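Student: Below: one structure in structure tokens.
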Amino acid sequence: MRTRHEMKKPERINLIPIMDAVFIFIFFLLMSAQFVNVFELGSSVPMVREVREDKIDKDPLNLVIEIHAEEVIVKKGKDGTRVGAFRDEELEKMRTVLAGLKEKYPKEKVAQLRPQGKIPFHRLVKVIDHTKENPKTSTKLFEEIVFDGKGVI
Amino acid sequence: MKKTFRRRKSPEMVDLDITSLLDILVILLVFLLMNYNASDLKLDLVKNLEIADSESQRITHYAPVVQLNGQQIIFLDEKEIARLPAGESEALAQLEDALKKRHDALPEKEKKSDEGALINFVFDRETDYAHVDKIMSTSAKVGFTQFKFIVKGTH
């Protein structure tokens, strides 16, 4: 016996609830949008704390970064041995030197900053960027930036 | 005369083509999702302030915001406090008072934290470090010792 097959009409998808949801989502995103990408750079003031005598490091890194008008000077150790001086265009080189120091002292996280009073803020940020981490290799260098409590040099 | 009644045609459902509208919505959605910032800090910059660029990718956190614009005017949470070069010590004393009030209003847990309370700084990119140092010292005196500099992402 032959049966007659009826051609089924393709059913249309009801898009209204999806569009409602998308509209709500867009409004939520528009309300919380921030069109200037702002981020934070952390630092702090030096803290004083008591350390047991047997736990005091005999050869601490004591990394100090002095920011002068023309160059950035990196010093280390108790006596402030000069590691190097870098001009603004050589900050990548400074980052490499700091990465070398980090390899030698993997537990050290603190870098002390001593900027001159006339240093503009954007230069200070640039030096902090080059001290904290290496974004190319995603390696952390000296994450804890501490400002010298002695004020400006 | 015999009246003739014409049967009214029932209005036909108009078929709207919403494909292009959906395309726009999807593009807008992707754009907004790419620019979404999960930070809980709502930052309104004051006039004459250009933020410094940075490689940092750390999300900002809610805390009092001190801003210093290009004209050296200090703002605390968008409220003008004082102008630095006019009378430096007087301006810093006014900032200290305002910060003290803000610190008193903090929850107990934050006030008694060993690391100190959190504070956000927005400095104009050309601000001298001498001014930055004075504002940081004033904040530290009150108990805000965890400094966060707000910077503009370059990526």
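Respectively, the protein sequence lines represent chains A and B. Okay, so the first sequence: first residue is 37 according to our numbering, each after it adds one. Okay, so the second sequence: first residue is 396 according to our numbering, each after it adds one. From the three backbone atoms N, C-alpha and C, an ideal C-beta is built for every residue, glycine too. Remember, it's a predicted structure, so these values are computed and weren't measured experimentally.
Taking the alpha helix (DSSP H) that R131 of chain A belongs to, which residues open and close that run?
Tutor: Taken as a continuous stretch (DSSP letters only), the alpha helix (DSSP H) holding R131 of chain A covers 127-140.
Student: Please classify D124 of chain A: does DSSP put it in a helix, a strand, or coil?
Tutor: Helix at D124 of chain A.
Student: Could you give the distance in angstroms between the alpha-carbon of L51 of chain A and the alpha-carbon of V409 of chain B?
Tutor: Cα to Cα, the separation comes out at about 16 Å.
Student: At which residues does the beta strand (DSSP E) containing K168 of chain A begin and terminate?
Tutor: Looking at the DSSP string, K168 of chain A is not in any beta strand (DSSP E); the run it does join, the alpha helix (DSSP H), is 157-168.
Student: Give the DSSP bridge partners of F544 of chain B, in chain order.
Tutor: In the DSSP output, where bridge partners are listed per residue, F544 of chain B has A:L77, B:F516.
Student: Output yes if chain C places a C-beta closer than 7 Å to the C-beta of Q489 of chain B; else output no.
Tutor: In the displayed structure, chain C is absent; the protein chains listed are A and B.
Student: Say whether chain B places a C-beta atom closer than 7 Å to the C-beta of F122 of chain A.
Tutor: Chain B contact via Cβ: absent.
Student: Could you name the residues of chain A that I545 of chain B contacts, counting a contact when the two beta carbons are closer than 9 Å?
Tutor: Here the neighbours are V74, F75, E76, L77.
Student: Pull up the distance between the alpha-carbon of I552 of chain B and that of V461 of chain B, whole angstroms please.
Tutor: Summary: the structure shown does not reach residue 552 of chain B, with chain B confined to residues 396 through 550, and so no result is reported for it.
Student: Below 8 Å on the Cβ atoms is my contact criterion, and I expect S79 of chain A with V182 of chain A to pass it. Report the Cβ-Cβ distance as a whole number of Å.
Tutor: Confirmed, about 7 Å.
Student: Look up Q148 of chain A in the DSSP assignment and give the residues it is bridged to.
Tutor: Answer is A:V100, A:V182.
Student: Identify every residue that forms a DSSP beta bridge with E599 of chain B.
Tutor: A question about residue 599 of chain B goes unanswered here, because the residues of chain B that appear run from 396 up to 550.
Student: Give a yes or no on whether the minimum CB-CB distance between V133 of chain A and chain B is below 7 Å.
Tutor: Chain B, which has no Cβ nearer than 7 Å to the Cβ of V133 of chain A, makes this no.
Student: Answer yes or no: does any C-beta atom of chain A fall closer than 7 Å to that of N443 of chain B?
Tutor: Chain A, which has no Cβ nearer than 7 Å to the Cβ of N443 of chain B, makes this no.
Student: Any C-beta of chain B within less than 7 Å: which residues of the region 170-184 of chain A qualify?
Tutor: Within the region 170-184 of chain A, the residues whose Cβ lies closer than 7 Å to some Cβ of chain B are P171, F183, listed in chain order.
Student: Are the beta-carbon atoms belonging to T522 of chain B and L490 of chain B less than 7 Å from one another?
Tutor: Contact: no.
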